[in-house]
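Number of protein chains: 4
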Amino acid sequence: MSGNTLGKLFCVTNFGESHGPAIGAVVDGCPAGLPLSEADIQLELDRRRPGTSRHVTQRQEADQVEILSGVYEGVTTGTPIGLLIRNTDARSKDYSNIADTFRPGHADYTYWRKFGERDPRGGGRSSARLTAPSVAAGAIAKKWLAQTYGTVVRGYMSQLGPIAIPFESWDEVPRNPFYAPCASIVPQLEAFMDQLRKDGDSIGARIEAVAENLPAGWGEPLYDRLDADIAHVMMGLNAVKGVSIGAGFASIEQRGSEHGDEITPTGFLSNNAGGILGGISSGQPITVSLAIKPTSSIRIERQSVNRAGESVAVQTLGRHDPCVGIRATPIVEALLAIVLMDHALRNRAQCGAS
Amino acid sequence: MSGNTLGKLFCVTNFGESHGPAIGAVVDGCPAGLPLSEADIQLELDRRRPGTSRHVTQRQEADQVEILSGVYEGVTTGTPIGLLIRNTDARSKDYSNIADTFRPGHADYTYWRKFGERDPRGGGRSSARLTAPSVAAGAIAKKWLAQTYGTVVRGYMSQLGPIAIPFESWDEVPRNPFYAPCASIVPQLEAFMDQLRKDGDSIGARIEAVAENLPAGWGEPLYDRLDADIAHVMMGLNAVKGVSIGAGFASIEQRGSEHGDEITPTGFLSNNAGGILGGISSGQPITVSLAIKPTSSIRIERQSVNRAGESVAVQTLGRHDPCVGIRATPIVEALLAIVLMDHALRNRAQCGAS
Amino acid sequence: MSGNTLGKLFCVTNFGESHGPAIGAVVDGCPAGLPLSEADIQLELDRRRPGTSRHVTQRQEADQVEILSGVYEGVTTGTPIGLLIRNTDARSKDYSNIADTFRPGHADYTYWRKFGERDPRGGGRSSARLTAPSVAAGAIAKKWLAQTYGTVVRGYMSQLGPIAIPFESWDEVPRNPFYAPCASIVPQLEAFMDQLRKDGDSIGARIEAVAENLPAGWGEPLYDRLDADIAHVMMGLNAVKGVSIGAGFASIEQRGSEHGDEITPTGFLSNNAGGILGGISSGQPITVSLAIKPTSSIRIERQSVNRAGESVAVQTLGRHDPCVGIRATPIVEALLAIVLMDHALRNRAQCGAS
Amino acid sequence: MSGNTLGKLFCVTNFGESHGPAIGAVVDGCPAGLPLSEADIQLELDRRRPGTSRHVTQRQEADQVEILSGVYEGVTTGTPIGLLIRNTDARSKDYSNIADTFRPGHADYTYWRKFGERDPRGGGRSSARLTAPSVAAGAIAKKWLAQTYGTVVRGYMSQLGPIAIPFESWDEVPRNPFYAPCASIVPQLEAFMDQLRKDGDSIGARIEAVAENLPAGWGEPLYDRLDADIAHVMMGLNAVKGVSIGAGFASIEQRGSEHGDEITPTGFLSNNAGGILGGISSGQPITVSLAIKPTSSIRIERQSVNRAGESVAVQTLGRHDPCVGIRATPIVEALLAIVLMDHALRNRAQCGAS
């Protein structure tokens, strides 16, 4: 029931601040018997890691994960898996000027109003750095889902600001610097980003996540529906302002005769539902689409106030991603995997093997 | 942790099926001392009630609520509030033909895959009728929020299929048959709906919800962020395929210099954030937008299969809403109020009075 | 997370007051496919029902349960099971004098301090009458456990005030007016109770509960251990002041060479552990022992204060059980069954079939 | 909902194994603004630490805690507090012989039955070493309770095997090697323990915990009663076989005229209730009594089986406490403080300031 815990049976409790000693997670509820090493987790952390191209923040964090518990002789034991990532490249002086000022678009103001106290270094707890423990936990979920059901959870960028990115191939995504499923559009994206950096501005993006090869039957009738829990975890990700499933907002203009996916003895004829009917998986691919807002930290000067309520100008000069969407894909995959694994276990509890 | 319970401290446990003896909810965690009568709840239930215009289902349900517990001499006592609504107009024969068939777009198939057993009468548990207990619980939350903080939670329809509805006035909404904030567009909406009924088809809609006059500080840093919990409850509502907060999907094309809401000594200059920064309320209005899919029950014949996996044609002739969005507004308000009250209590627990 | 909900996966949400319109429960998480009728539940409610002998309260409550949801054509559907019991024999005038007075040993004072408001009729929410919904929910758990694992959950009275009751036979318990496993002691118990009634006083008791035929492996390593959750549910029962498992308080004086149950290829040689090692079931019978305090409502005059803090004399003349322990056995069985079923489902989630 | 998490609002998630790299906890829900340093926590850890006298295990663990998050400039920020304790003196070879054998009285057998896999080094997750994170978390709760309400949570040993220990003075407890409230009995206790070590055997004990200066009103009406949650946390502690509140098992033989605590304008005349009426605190001291079983690890040879089900003799020669009760007092205090703080926050949520 902790606000910093995700999941009901596969539970991820996240801790840490951007510039504190360490960040991490405790993953509870993982079945015993899953082969698991730090390398399995590192693989996913490296996909999210900052500093990998000129289009993302230049902060250098090794993001080396240490497994503290729950694994013995390379296999999970069913007990909580403690995951620790030390912060190494924390330059607190970059942020010293903001302790008293509320950066527009950031959580500075609301944390101050809620807690009175806050850790201002690098955004403290509200930093996107806290997605790393989610990615680490998601690596476990991904591996378990793949091994148990053959489930594949993948994502990609489908839009960068005004530029729609056509889907050409899953094969392109892992090698693409934007996690885009299209190679030929990269020069256009890079030109856009280069101009953006010159402008000292930032931009939004759209990310898609897809889960394939999962059984029908995961989810709950009401409230904790599978789509509801996906929306929860996705909207809970920094910078996300919108979540949709299947046909999403296009459903508004659809007629029932178009939207309702017909079924034949060999399967569904379409997937407007995005793989979920009545809150429960249908066995079709689960398709999720996310709106990511532009990074709030920009070099352009903006109006704000300080703690005393006085007008101040804010300009953010630290190391920031001009488009947080670029590094969002592995995070979104991890979050989707966590929700799916949680519901797999919930379903197994009530309905037996699936 | 029940899948049919909403909220962590203000907890709504929902039970019932469309054509069973009764539906209802147990509302736990409400503070003592709130004046509460069945009339307070009935008011909201009547707003959601079917059969009120020719554009909605003609099923006649009085939806009379009975308070079974938790209220003594007109005041809440702090103990669970049991709410009971008897089903009265359940025509099971209308649905007898579907027990063996999976209606496209409905939960028939997924419930069968999950549970093996299901109550096929009127969609059973997956019926939109189960939103009535949420509305009843939401009436309590609305009253408590209004009394404690002066918070006002309201909603309206902003789009019906292809027809965008301009926002003219909150005053229009309560008397408008579509919960639209514009009187002059009603003839156009009615003409559209009349044609739709003739076609035997259905249509999607877009609903907005707004909460005003709430304090800054509600929400949690990670995972159970206020926006995450709003997304959860909204995507958990039947027929919702998309949820956005503030600028929502428009954020994708925004630049940071446009999106980030500047702050002045007299307040924020814009509300792209939709009242939530870093998962915590800022004190600005919370703005939520929902995509509602078209009703799956249509007269047009569609392809499906039966339990044996054989091809069948499905045509749904019962009493249905051709646009479930029309009755969605009071439900969406109720759900938003429940989440807000839950977070008000959570905030009070950790941070004291707000 | 509601304080009035028991269980994590098999969840019982209890509502109602002693003299309100109704009491009941919503049982969520029950697997689909369990044959279930009102008669199954009524059987257990009738075992708990008041008015069955001269040694218990003479309040006449039919305690007729109505299943409101979650069962279709005699079989559970996996959706929440709503259970309703109308209060019929509520004589509010018996209690009218206590609205302003705090009865010693009762919850009157603490409810008033906590909530400000309270329903004083018959103890309101703190009445032992609220154990009826637990018994109803427990009937479902008992049936599922019996059907799925052959688990048998039984209880008996082992001590009434100063009178220790020898265990002779399980066969005696169902027909014994004290749920005692010994027929020959009944005259002694009846004489004791008759004298007690003449004295206008009450007495404590000791109840044992035993679960047999359950698999090894139910429970969690830390905090939510099986014994911890049993202690939680038992100490949460009205009038319980002590809970022990296996050798219980006798463990204090035991040596390790005596206490630790040795294991042989054909099984354990003793059961000091009470069927639980390290918080997890061993497959041996689970044995629980409870201390039940004497009823607080007695005819003997006692000192107390009223809301104004003034000294008052309190004498309780309503219909009360002089030994609440007498009717406790079916309740204790129900509670144990609920915890076991909850852990059976939790274990199935993490560890697969057991 | 994680099985390794304690509390609903003040949440302690525990991870680690006896001989893994580290143990620790994430403490979520702590209010912001509490002054907190590692020294505050170390103080309590040092009270629990092994190796402090010849009557406890000679394992040498510094048990140095590191605060990883949630504290900034010496004050809590309201975000999760990560606590890390490295294992340093883990002699795995001492335990190598038990990987295949189930030690009587230990969790070896049940972990194996539940998870299939287990970490056998030093009992793995079932080791009493895992109480250290609870003590660390409890130190935070103790400090917050003391600062906010002046609440004092203390404990002592009241019985060691057959030797009852009279209560003489709280002042004696901190300096007493047995946490006994009586200096003159120490020679008798030491003689008993010395003989026990010669015998290679172990012994049980009884521990008392008392909380004073807390407000009336903490707790919930049903199920999550304050006494229920105390019983849960206490029975969840390694080696505890019985929990009682107030008069406890003595209630069985009490009459109502003796047990029910009378109230006068200046307060209660007795405390058979142990400070809790109807599951809610009365403002009187909360008194809890625990039965601790003898350590299962003894030098005396015992019968058991191995994984293959073959008969084996087990003799445990590692470093063990011959009476785990001796080090239990600071743990029990910590657990009681955690439950009280959790309920303080829960009460504040529903009932406002108390």
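Protein chains in written order, with full-length UniProt numbering: chain A, 1 to 354; chain B, 1 to 354; chain C, 1 to 354; chain D, 1 to 354.
We put the beta carbon where it would ideally sit given N, CA and C, even for glycine.
Source: prediction; values computed, not measured.
| Item | Value |
| --- | --- |
| Inter-residue Cα distance where the pair is B:N306 and A:V173 | 39 Å |
| Nearest neighbour of A:D100, chosen from A:A308, A:M193, A:I67 and A:A349 [CA to CA] | A:A308 |
| Below-8 Å beta-carbon distance, residue 435 of chain A vs any chain D residue | Since the first residue shown for chain A is 1 and the last is 354, residue 435 of chain A is missing from the structure and cannot be characterised. |
| 8 Å Cβ cutoff met for D:R48 and D:I331 | yes |
| Closest by C-alpha distance to B:I326, when choosing among B:P120, B:R225, B:G33 and B:V240 | B:V240 |
| For C:V26, the residue or residues it bridges with in DSSP | C:T13 and C:G82 |
| Per-residue burial, D:D28 [other beta carbons within 10 Å of its own, 16 or more giving buried] | buried |
| Sequence ranges, alpha helix (DSSP H) only - wholly within the region 125-154 of chain B, length at least 4 | 131-149 |
| For A:T101, three-class secondary structure by DSSP | strand |
| Contact under 8 Å by Cβ, A:L222 with B:G236 | yes |
| 6 Å CB neighbourhood of D:E123 in its chain, flanking five on each side removed | As written in the sequence, residue 123 of chain D is Gly, which differs from the Glu given in the question. Once the five neighbours on either side are set aside, the close Cβ partners of D:G123 are S18. |
| Chain-ordered chain D contacts of B:T13 [CB-CB under 7 Å] | Result: empty, since nearest Cβ-Cβ is about 13 Å, beyond 7 Å. |
| Contained alpha helix (DSSP H) runs [length at least 4] in the region 205-239 of chain C, N- to C-terminal order | 226-235 |
| Chain-ordered residues of the region 249-268 of chain A with a beta carbon less than 9 Å from chain B | F249, A250, S251, I252, E253, Q254, R255, G256, S257, E258, H259, G260, D261, E262, I263, T264, P265 and F268 |
| Nearest-angstrom beta carbon gap, D:I280 and C:A107 [assumed within contact, 8 Å] | 6 Å |
| Between the CA atoms of B:A228 and B:T131 - distance to the nearest angstrom | 20 Å |
| A:A250, enclosing beta strand (DSSP E) - first and last residue | Taken as a continuous stretch (DSSP letters only), A:A250 belongs to no beta strand (DSSP E), as it is neither H nor E. |
| Buried/exposed call for B:D194, threshold 16 Cβ in 10 Å | exposed |
| Beta-carbon spacing of D:G246, C:P294 below 8 Å | no |
| Presumed contact (8 Å Cβ cut-off) between A:P80 and A:V26, rounded CB distance | 5 Å |
| Residues that A:N347 contacts on chain D, provided the C-beta gap is smaller than 7 Å | Those do not exist, as A:N347 stays about 15 Å from chain D at its closest Cβ, beyond 7 Å. |
| D:L269 beta carbon near the ligand COA (any heavy atom closer than 7 Å) | By its list of ligands, the structure shown contains no ligand whatsoever, and the ligand COA lies outside what it can speak to. |
| Nearest-angstrom Cβ-Cβ length linking A:G274 and A:T287, presumed shorter than 8 Å | 4 Å |
| Within chain C, the residues that B:E117 reaches when beta carbons sit closer than 8 Å | A32, G33, Y72, V75, T76, T77 and G78 |
| Interfacial residues, the region 145-158 of chain D to chain C, with Cβ spacing under 7 Å | none |
| Span separating the alpha-carbon of A:N271 from that of A:P285 | 8 Å |
| C:Q350 in three-state terms, based on DSSP | helix |
| Under 8 Å between C-beta atoms of A:N14 and A:G217 | no |
| Per-residue DSSP class, three states only, for C:T295 | coil |
| For D:M157: DSSP bridge partner residues | D:I207 |
| Contact with chain B by A:P285, beta-carbon distance below 8 Å | no |
| Inter-residue Cα distance where the pair is D:L45 and D:V324 | 16 Å |
| Within 8 Å, strictly: CB atoms of B:L9 and B:A353 | no |
| Under 9 Å (Cβ pairs) to chain A, residues found in the region 121-139 of chain D | R121, G124 and R125 |
| Close-in-space but distant-in-sequence residues of the same chain around B:M341 (CB under 7 Å, 5 per side omitted) | F10, A141, W144 and L145 |
| Where D:A313 falls, given that 16 or more other Cβ within 10 Å makes a residue buried | exposed |
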